[in-house]
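Below you'll find the structure, written out as structure tokens, and then a few comments.
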Amino acid sequence: MNRISRVFARLAFPHIFTALSALSVSAVSSVISLAGVGTLLYSPQALAVNCGTFDGHICSGTAFQYAGGFNPKAGEFGGFGGAASCTATRTPVIFVHGNGDSSPSWDAPTFQVPGYPKAPNSVYQQFKAAGYKDCELFGVTYLSASERGEDRSNYHQPSKYDILAKFVAAVKSYTGKTKVDIISHSMGVSLSIATFDYYNNWGSVRRFINIAGGLHGLDSCLWTGYANPYVATCGSQNWLDPNVFGFYPDINGINPWTGTTASYALSNSAIQNPSVSFYTIYAGQKDQYMCATVSDYANCGKSPLFATGCAADYLYGPTQ
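Start counting at 1 in the sequence shown, then tack on 570, and there's your number in the working numbering.
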């Protein structure tokens, strides 16, 4: 989960970005510090989620890694969280992975990237090192194994919103807390935003961390077109169901989700929900997925940014 990108060779199109860059891992630690999670070294004991075999891209750990009676039954395809004899005292954290990925990858090992310090812990391990308990950390897998293998075909749709919404409700019920913190990556960012909009449930969120989310779409999708049946992830807003959409940038109003004018536009989330603290972690033009083609290269690195004027939006980017 700690890579920049892979190459989608079959179409000469970039593979869906499913991993954190070294910048993102260290920046997550910075954001986490705001919530009282410092830079500590992790002790390998009592690990609730296990990456399993790591191939340099994704983890292949057991799909369902629940414990302590936590069983969300949300229609998910895997997840982690829960512990016996454990009482949640902090706001629970829910990790939402990106396209082509799964929840165990939040425990992916880190590695050295030239020009950046090596993160000492995986994102998950960083929380454990700071004292978060297993009954306060949860992850959900919203993609099936076949969907993870065909990530070019995945897009935002109500059936996925239902999985995340039910998972959030299960975490709140299990922990007895009224709010959760969301840490989301790539497609997990836009999927989470769409879910809370769809169910009008932003009241359940305290903090929202956006890691490399395609809020303004993906400029590389300009290369594929907005109605390419072979790359559905780059689609526009669906004409029959406005809650179905892909990552095609909003041009002439064909995808208001990735635009700036609609109240429900992804980038307007911080403005529309001032009671939630929003954080953005991005790599600018160093993001090899956002900026995989020459299409609109001058603006490609800005896609993860919320609308300007958002007092609650904290930025961690190439210069931070």
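Note that CB positions come from ideal geometry on N, CA and C, so glycine has one too.
Please read these numbers as outputs of a predicted model, since none were measured by experiment.
*In chain order, which continuous runs of the beta strand (DSSP E) of length 3 or greater are located wholly inside the segment 786-865?*
Fully enclosed beta strand (DSSP E) runs of no fewer than 3 residues occupy 847-851 of the segment 786-865, in order along the chain.
*Kindly list the residues whose CB is nearer than 8 Å to the CB of Gly746, restricted to its own chain and excluding five residues on each side of it in sequence; keep chain order.*
So the qualifying residues of the chain are Ala658.
*Look at Ala782 and Asp857 and say whether their C-beta atoms are less than 8 Å apart.*
Yes, Cβ-Cβ distance for Ala782 and Asp857 is below 8 Å.
_Pairwise C-alpha distance: Thr794 and Thr748_ = Spanning the alpha carbons of Thr748 and Thr794 requires a straight line of approximately 42 Å.
*asked:* According to DSSP, is Ser754 part of a helix, a strand, or is it coil?
replied: Looking at Ser754 - three-state DSSP - the assignment turns out to be strand.
*From the DSSP output, which residues share a beta bridge with Tyr636?*
DSSP lists Gly651 as the beta-bridge partner residues of Tyr636.
*Please name the residue or residues paired with His726 in a DSSP beta bridge.*
For His726, which the question treats as bridged, DSSP gives the partners Phe815.
*Entirely within the segment 634-721 and at least 4 residues each: give me those alpha helix (DSSP H) ranges in chain order.*
The DSSP assignment places complete alpha helix (DSSP H) segments of no fewer than 4 residues inside the segment 634-721 at 693-699 and 715-719, in order along the chain.
*asked:* Among the candidates Ser873, Ala739 and Ile628, whose CA atom is the shortest distance from the CA of Phe640?
replied: Closest by alpha carbon: Ala739.
*asked:* Check whether the segment 767-777 and the segment 682-689 are in contact - that is, three or more C-beta pairs closer than 8 Å.
replied: The answer is no - the segment 682-689 does not touch the segment 767-777, with fewer than three Cβ pairs under 8 Å.
*Check Ile763 in the structure and name its three-state DSSP category.*
The three-state secondary structure of Ile763, taken from DSSP, is helix.
*asked:* Tell me which residues share the same chain as Leu707 and place their Cβ nearer than 8 Å to its Cβ, disregarding the 5 neighbours each side in the sequence.
replied: Closer than 8 Å at Cβ, skipping near neighbours: Ala618, Val619, Phe650, Gly651, Pro662, Val663, Phe665, Tyr694, Phe697 and Lys698.
*Residues near Thr632 in its chain [Cβ-Cβ closer than 6 Å; skip 5 each side]*: Closer than 6 Å at the Cβ level, and outside the excluded window around Thr632, lies no residue.
*asked:* Tell me the residue span of the beta strand (DSSP E) that contains Asn780.
replied: From DSSP, the beta strand (DSSP E) with Asn780 extends over Val775 to Ile781.
*Using 10 angstroms around the beta-carbon of Tyr800, count the other beta-carbons present and answer buried if the total reaches 16, otherwise exposed.*
By the 10 Å Cβ count, Tyr800 comes out exposed.
*From Phe681, Ser672 and Pro812, pick the residue whose C-alpha is nearest to that of Ala715; which is it?*
Of the residues Phe681, Ser672 and Pro812, the one whose Cα lies closest to the Cα of Ala715 is Ser672.
*Beta-carbon spacing of Val846, Trp772 below 8 Å*: In contact: Val846 and Trp772 (Cβ atoms closer than 8 Å).
*8 Å Cβ shell around Asp789 - same chain, five flanking residues per side excluded*: Pro819, Met860, Cys861, Thr863, Ser865, Asp866, Tyr867, Asn869, Cys870 and Ser873.
*Three-state class that DSSP yields for Phe624 in the structure shown*: Reduced to three states, the DSSP call for Phe624 is strand.
_Bridge-paired residues (DSSP) for Cys629_ = As computed with DSSP, Cys629 is found in a beta bridge with Phe624.
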